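Chains as they are written, first to last, in my numbering: chain A, 1 to 654; chain B, 655 to 1160. In this text, a Cβ means the ideal position worked out from N, Cα and C, and glycines have one as well. Owing to the predicted nature of the structure, the values given are computational and were not obtained by experimental measurement.
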Amino acid sequence: MADFLSSGISGLLAAQTALATTGHNISNVNTPGFSRQRADLVTRIPQSTGAGFIGSGVNVASVRRMYDQFSVDLVRTHTSQHSRLATYHHMASQVDNLLADPDAGLAPVLQNFFNALQGVADNPASVPARQVLISESESLVARFHSISDRLTSLSDSVNDQLSSLTGRINSLSESIAKVNYDITIAWGKSGGQPPNDLLDQRDELLRQLAEYIPVTTVEQDNGAINVFVGNGQILVLGADARGISTTRNAQDPSKLEIVAGSDGKGPIISHFINGGELGGVLDFRRDVLETTQNSLGRIAVGLAMAVNEQHRQGLDTYGDPGGKFFGLEGLLGNPATALPATTNANSNDPAVVKFEFTDASSLTTSDYQMKYDGANWVLTRLSDNQVITDGGVDADGFITFPSEGFRLQLSGTPAAGDSFLIAPTRTASAGLSMAIDNANLIAAAAPLRSAISDQNLGTGKISTPGVTSDTDLAGIQPVNIALTYDAIAGAFDVSIGGASVDTIAYQPGQEIDLGLELGNSDYIGLTFTISGAPADGDVFTIEKNSGAVSDNGNALALVGLQTQAILDKTTNLQTGYGQMVSGVGARTHQLEINSKAQKTILDQAIQNREAVSGVNLDEEAANLVRFQQHYQASAQLIVAANTLFQSLLDAVRR
Amino acid sequence: MRISTRQIQQLGIDSILAQQEKLSRTQQQVATGKRVLLPSDDPVATTQLLQLRQSIETTEQYQANADAAINRLQQEEGVLTSITEILQSVRVLAVQGNNASQTNETRGFMAEEIRQRIEELVGLANTRDGTGDYLFAGTMGATTPFIKDSQGKYVYQGDQNQRYLQVGNGRRVADGDAGSAVFQLVRNGNGTFVAAPSGNATVQADVANSGTALVEGVVVSAQSILALDGYSIVFDAVTPGSYEVVDAAGSSLTPPVTGTYVSPGPEDIDISIGGDVVATVTMSGTPEPNDRFTLDLSGMPRGTAVIGEATLVDGTFIPSLPNGYTLTFSRPIPDGSISYQVTDSTGAQVKSGPWVENQPIEFNGARLAITGTPADGDTFTVRSSEYQNIFQTLENLATALDAPVHGPADQAHLNNAVNRALGDIDLAMENILLVRAGVGSRLNAIESQVYVNESYLIQAQETLSSVEDLDYAEAISRLHMQMAGLEAAQQTYLKVNGLSIFNYLR
């Protein structure tokens, strides 16, 4: 009977525990990371009698959490991947949005610029038309600046995010270290019973951490977990949180990088972080932000170089050769200094690398590293880590890189390991400026004109000469070229300022390319056509196009730049911009799809985890009823034992 | 599979959120009327849109360029029409002036009218366009194209360039013509060669002269009443600069011709007979008293030969540079037979033969129809046509009409000059017609290009609209479907979450 009673009591206690567990489950139905728990009931050791074993009740062996390590790991991994894609998508959308508005992008102002050029071509003598060109050019420059400013502010916000994410990761690491400590203590105290809620708490902390940075974990014998990030760098070691920190990029101090350890002196692990919000932010910076900045800069460089080059071929209202139209601060004409790495040797005569654009159509959107290995300088294109072979040293002492569209000048004494970052186009759109503000300085007129003498007896005609040399026209003034036909020789005698310099055989309609020394070793390259039948002694003249205020020869050539492949030999300015926009659009689109797909995968993983660990209230209600009945029945056992005992007492009392 | 309560709720909320997101995008599309809101919505369409907008705006600019070109060309066409009218009226005057029934006085009036016409023509040549640029200055729009030089001749100040406007993809059309092409570079004669009487009076300084005076030139405007044996200009022995013109015998003319020469000149000394100025000698330098200059008239054409038509034979004329051919008539016996010979620039004989009246002379591709009777020693030159501006052509005509006629030789001289001027005017008109035809064909080309641009614009706008614009019918029905979907998701959520055993545990 005592057994009977104690069996009842054990049932009562077991039901209490089970009810408590069910209550715990119900209370935590909305607790993130909570795994439902179950009281594992086992029979007590039965009493051995002659009649066999008589059961002696029930015991609670353990309160166990319903848990599947594989599902938890899967949720963690997919959380990292999803938050990377979601963050990446979110940030790319900002650039996407920036470029979306047809009125805010580059396309309309670029179009207005070329339309204003056409306006000047229509009416070169009109000061208002020229003024419109100046103000449209200013708008174009301002638009480059505003887009560049917004991209720069995104770049700043990337740095801010890296800092704040680092802070959150570090505080999570500390929490994990703390829970690790608690778990080892609790495990020791409980004599091997799992501290379920602490374990859940740690799993949840790890899941939160995975949102920011992908982690790998290794469980220790004492129940603690070691957490690693990047390429195996320790984030948490037992109860010790090592953390991560940010440091300035040695090549480009405007960029923050992630390093292992909280003192900022550990190895850079940015490029190993392939998930989490951190990974998304870093991917965005590398693949969208910098690419967009470089693409935009390349358009600015292409525009400035092509327009300036053509503009210098024309004459302004005063009859002077055109100067620069656009300025490109620190970049064009004036070699820009490449950024030395902060790790470069600190000597009295430090190495200096300067770069200058040579050809806009060869420019890439990549950055470059120029590194001295102790014997040689090596230029590496960072987009594909390709070593670039140079094209030799030119007359100005620059090392040329014809395949990349720029040249470099080295000075100082380099030490082995010195390196320089060359980001040719990164800041070009911010550096673009107007070089002229006087409408009369717009060089709309062609530089030279040709004429036939009114003494000519033949029917020869001469076309307007084009200039093929890129010599500054200022150096070749005045031009006074006469071609006199010699019918017997069938050739033109070419004279400059009356002095005979050359003879060209004449074939009607043939294009004549003429290179002439103009004294002072100035050289002019001309191309023109003489057609018809000139008579002996007929004279054709080529002279500076002075006074031609209504001439639009050069304005038309500038208009022609709109459809000319200025960027990479097949791309004009506007298609270049289109490619940039659709590139960002396509990437954002792809990220949206990937991020949605990853969300589905993550949801699936969460479902799998929930299927094992999640609390179902209906199930708990049923359990509640079940354990209530268990309790009631066990109590009834005690009542029965009491009744039986009372019967016995009654029997004895009599 | 077990489903946790939290998950049931989460799934419900997720589906509501997803429906709301779709609804919001559709709503935005309907509100803006655009299918593509962000480049990421449709990257390919975005590129297409950028390109379409660019080509639409560029084409619209082409249309504006075409308007500007049409305006200028139409203005030019108007001016050219006026020029043709002036030339025609001058031509009528020239034909009238050629008529022997005219008197010196009526011809003088005609010359006066022609000079007025020249002024009118210069005004037209110096027309400005709507923006103040000179229409016919080439590309030197701020430079007056035609001004009088110190000699009183109109010279061209502009350049020979044309300005081209872009009116379509790769289509450029000149929006005008340089004044040189319209007025300046016009051939004289018949376009290939010019036949004209040659020979003129000469003036020799006396060997005994002690002064430094030089003869700059002599122009004989009427020769019929001049004495063949010449005249002399004799400076007074006492009064410096005072002179008298005397005949070959040294006698004063009737009435006497005297004057005062102001050193150092240049000064014109007019020789007039019977009130008409028949010759003008231009002198410079300082003459001394008793200096004497003799006017020799022996080289003057004397006959009445007039070149009627100068045409090409077989279309090819072989030029003789630089001085052309010389046609010389000889009649060694007065009233005897007349022969001619043609020599080239080097003096080599090209052709010779007897001269038969009304029978044209032909050599090296030139055919000259000569009427009248040439005198012994009369010469004509046949040289390649040169450029002669229209104003000079008319001025030549006015000068010819101004010259007094006193006899058959003067009449022949006048007829030759007027015939030449008529040929020159015809060439000038032909040139203007050619320029007008060019203007007309350019206008046609622009108009057809404008049409091409317009149809491109319509097509491009349609494409733009089909790429960019929202299909409202589709979008509205989508909106309704999505609203129904959202409603269903919301109701499902409420219903499903209302289900619980706890509802039954009382």
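Checklist entry - What residues in the stretch 572-585 of chain A bring their beta carbon closer than 9 Å to a beta carbon of chain B? => result For chain B, the residues of the stretch 572-585 of chain A that bring a beta carbon within less than 9 Å of one of its beta carbons are Gln574, Thr575, Tyr577, Gly578, Gln579, Val581, Ser582, Gly583, Val584 and Gly585, in chain order.
Next on the checklist: Three Cβ pairs or more, each shorter than 8 Å: is that satisfied between the stretch 77-86 of chain A and the stretch 555-570 of chain A?
Outcome noted: No, the stretch 77-86 of chain A is not in contact with the stretch 555-570 of chain A.
Checklist entry - For Thr856 (chain B), which residues does DSSP report across the bridge? => result Mapped onto the second sequence, residue 856 (chain B) falls at position 202. According to DSSP, Thr856 (chain B) bridges with B:Asp950.
Checklist entry - Which term fits Phe53 (chain A), buried or exposed, when burial requires 16 or more other beta carbons within 10 angstroms of its beta carbon? => result Taking the first residue of the first sequence as 1, we reach residue 53 (chain A) at position 53. Exposed.
Checklist entry - Which bits of chain B does Glu592 (chain A) rub up against, with CB to CB less than 9 Å? => result Against the first sequence, residue 592 (chain A) aligns to sequence position 592. In chain order: Ser694.
Next on the checklist: Three or more C-beta pairs under 8 Å: does that hold for the stretch 579-598 of chain A against the stretch 826-846 of chain B?
Outcome noted: No, they do not touch.
Item to check | Whether Ala600 (chain B) touches Gly845 (chain B) by CB criterion (9 Å) | outcome: Past the boundaries of the shown model lies residue 600 (chain B); chain B is included only from 655 to 1160, so the question cannot be answered.
Checklist entry - Checking contacts by CB at 9 Å: is His589 (chain A) closer than that to chain B? => result In the first sequence, residue 589 (chain A) corresponds to position 589, counting from 1. Yes, because at least one Cβ of chain B sits closer than 9 Å to the Cβ of His589 (chain A).
Item to check | Beta-carbon gap between Gln118 (chain A) and Ala718 (chain B) smaller than 9 Å | outcome: Taking the first residue of the first sequence as 1, we reach residue 118 (chain A) at position 118. Taking the first residue of the second sequence as 1, we reach residue 718 (chain B) at position 64. Less than 9 Å divides the Cβ of Gln118 (chain A) from the Cβ of Ala718 (chain B).
Checklist entry - Is the shortest distance between the beta-carbon of Ile657 (chain B) and the beta-carbons of chain A less than 9 Å? => result Residue 657 (chain B) sits at position 3 when you count from the first residue of the second sequence. So, interface residue.
Checklist entry - Can you name, in chain order, every residue of its own chain whose Cβ lies under 6 Å from the Cβ of Arg771 (chain B), other than the five neighbours on each side? => result As a first step, residue 771 (chain B) is located in the second sequence; it is residue number 117 there, counting from the start. Hits under 6 Å: Ile740 and Val744.
Next on the checklist: My parser needs the beta strand (DSSP E) runs of 3 or more residues fully inside the stretch 430-486 of chain A; what are they?
Outcome noted: List check, beta strand (DSSP E) in window: 432-434, 448-452 and 480-486.
Next on the checklist: Against chain B, does Leu332 (chain A) count as a neighbour if the rule is that its beta carbon must be under 9 Å from one of theirs?
Outcome noted: To locate residue 332 (chain A), count along the first sequence from 1; it is residue 332. Note that Leu332 (chain A) scores 48 on pLDDT, short of 50, meaning its location in the model is unreliable; the coordinates nonetheless yield the value given after this. Chain B, which has no Cβ nearer than 9 Å to the Cβ of Leu332 (chain A), makes this no.
Checklist entry - So the alpha helix (DSSP H) Pro108 (chain A) belongs to, where does it begin and stop? => result Numbered from its first residue, the first sequence carries residue 108 (chain A) at position 108. Pro108 (chain A): member of the alpha helix (DSSP H) spanning Ala107 to Asp122, first to last residue.
Checklist entry - Could you give the distance in angstroms between the alpha-carbon of Met655 (chain B) and the alpha-carbon of Ser171 (chain A)? => result Here residue 655 (chain B) refers to the residue found at position 1 when the second sequence is read from its first residue. Here residue 171 (chain A) refers to the residue found at position 171 when the first sequence is read from its first residue. Answer to the nearest angstrom: the Cα atoms are 37 Å apart.
Checklist entry - According to the neighbour-count rule (16 or more other Cβ atoms, all chains shown, within 10 Å of its Cβ), is Gly188 (chain A) buried or exposed? => result Indexing the first sequence from 1 puts residue 188 (chain A) at position 188. It is exposed - the Cβ of Gly188 (chain A) has fewer than 16 other Cβ atoms within 10 Å.
Checklist entry - Using Cβ-Cβ distances below 7 Å, what residues of the stretch 1040-1071 of chain B are close to chain A? => result Those residues of the stretch 1040-1071 of chain B that come within reach of chain A (Cβ to Cβ, closer than 7 Å) are Glu1040 and Tyr1041.
Next on the checklist: Please report whether the beta-carbon of Gln81 (chain A) lies at a distance below 9 Å from any beta-carbon of chain B.
Outcome noted: The sequence position of residue 81 (chain A) within the first sequence is 81, counting from 1. Chain B has no Cβ within less than 9 Å of the Cβ of Gln81 (chain A).
Checklist entry - The beta strand (DSSP E) with Val899 (chain B) in it runs from where to where? => result Within the second sequence, numbered from 1, the residue matching residue 899 (chain B) stands at position 245. Residue range Ser896 to Asp901 is occupied by the beta strand (DSSP E) that includes Val899 (chain B).
Checklist entry - What's the gap between the Cα of Ala51 (chain A) and the Cα of Pro32 (chain A)? => result Residue 51 (chain A) sits at position 51 when you count from the first residue of the first sequence. Residue 32 (chain A) sits at position 32 when you count from the first residue of the first sequence. Taking the straight line from one Cα to the other gives about 52 Å.
Checklist entry - Interface residues of chain B around Val63 (chain A) at Cβ under 7 Å? => result Against the first sequence, residue 63 (chain A) aligns to sequence position 63. Result: empty, since nearest Cβ-Cβ is about 19 Å, beyond 7 Å.
Next on the checklist: Once DSSP output is grouped into helix, strand and coil, what is the label at Asp103 (chain A)?
Outcome noted: Looking up residue 103 (chain A) in the first sequence gives position 103. If DSSP states are grouped into helix, strand and coil, Asp103 (chain A) belongs with coil.
Next on the checklist: For Ile26 (chain A) and Val615 (chain A), I'd like the C-alpha separation in whole angstroms.
Outcome noted: Counting from 1 along the first sequence, the entry for residue 26 (chain A) is found at position 26. Counting from 1 along the first sequence, the entry for residue 615 (chain A) is found at position 615. Their backbone Cα atoms lie some 7 Å apart in a straight line.
Checklist entry - Which residues bound the alpha helix (DSSP H) around Pro697 (chain B)? => result Indexing the second sequence from 1 puts residue 697 (chain B) at position 43. Here the alpha helix (DSSP H) through Pro697 (chain B) covers Pro697 to Asn752.
Next on the checklist: Under 9 Å, Cβ to Cβ, is there at least one residue of chain A near Val698 (chain B)?
Outcome noted: Locating residue 698 (chain B) in the second sequence gives position 44, where the first residue counts as 1. Output row for Val698 (chain B): interface = yes.
Checklist entry - Tell me, which residues are paired with Asn802 (chain B) by DSSP? => result Residue 802 (chain B) sits at position 148 when you count from the first residue of the second sequence. In the sequence on display, residue 802 (chain B) carries Lys and not Asn. For Lys802 (chain B), the beta-bridge partners assigned by DSSP are B:Tyr808.
Checklist entry - Comparing the C-beta of Gln728 (chain B) with each C-beta of chain A, is any distance below 9 Å? => result Numbered from 1 along the second sequence, position 74 holds the residue referred to as residue 728 (chain B). Not closer than 9 Å to any Cβ of chain A, the Cβ of Gln728 (chain B) fails to qualify, so no.
Checklist entry - At which residues does the alpha helix (DSSP H) containing Glu1101 (chain B) begin and terminate? => result Walking along the second sequence from the start, residue 1101 (chain B) turns up at place 447. Pro1062 to Glu1122 is the extent of the alpha helix (DSSP H) around Glu1101 (chain B).
Next on the checklist: Using C-beta distances below 7 Å, list every residue in its chain close to Tyr318 (chain A), excluding the 5 sequence neighbours before and after it, in chain order.
Outcome noted: In the first sequence, the residue the question calls residue 318 (chain A) occupies position 318. Counting only Cβ-Cβ distances below 7 Å, and skipping sequence neighbours, we find Asn440.
Next on the checklist: On the CB-based measure, 16 or more other CB atoms within 10 Å of its CB, does Arg1200 (chain B) come out buried or exposed?
Outcome noted: There is no way to answer for residue 1200 (chain B), as the model of chain B reaches only from 655 to 1160.
Checklist entry - What separation, rounded to the nearest whole angstrom, lies between the Cα atoms of Val861 (chain B) and Ala1054 (chain B)? => result Reading the second sequence from its first residue, position 207 is the one you call residue 861 (chain B). Reading the second sequence from its first residue, position 400 is the one you call residue 1054 (chain B). Taken atom to atom, the span from the alpha-carbon of Val861 (chain B) to that of Ala1054 (chain B) is near 34 Å.
Item to check | Interface flag, Gly57 (chain A) vs chain B, CB-CB below 9 Å | outcome: What you label residue 57 (chain A) is simply residue 57 of the first sequence in a count that begins at 1. No, because no Cβ of chain B sits closer than 9 Å to the Cβ of Gly57 (chain A).
Next on the checklist: For a contact defined as C-beta to C-beta under 8 Å, what are the partners of Arg782 (chain B) on chain A?
Outcome noted: For this step, residue 782 (chain B) is matched to residue 128 along the second sequence. Per Cβ cutoff of 8 Å: no residues; Arg782 (chain B) is ~11 Å from chain A at best.
Checklist entry - On the premise that Asp263 (chain A) lies in contact with Ala177 (chain A), defined as a C-beta separation below 8 Å, what is that separation, rounded to the nearest angstrom? => result By 1-based counting over the first sequence, the position of residue 177 (chain A) is 177. By 1-based counting over the first sequence, the position of residue 263 (chain A) is 263. With 8 Å as the limit, Ala177 (chain A) and Asp263 (chain A) do not qualify as a contact, their Cβ atoms being about 17 Å apart.
Next on the checklist: Does Asn294 (chain A) pass the burial test, meaning 16 or more other C-beta atoms within 10 Å, or should it be called exposed?
Outcome noted: Within the first sequence, numbered from 1, the residue matching residue 294 (chain A) stands at position 294. Under a 10 Å Cβ-count criterion, Asn294 (chain A) is classified as buried, with 16 or more other Cβ atoms of the shown protein chains found around its own Cβ.
Checklist entry - What number of angstroms, rounded off, separates the C-alpha of Gly1162 (chain B) from the C-alpha of Ala1114 (chain B)? => result With chain B represented from 655 up to 1160, any question about residue 1162 (chain B) goes unanswered, as that position is not in the structure.
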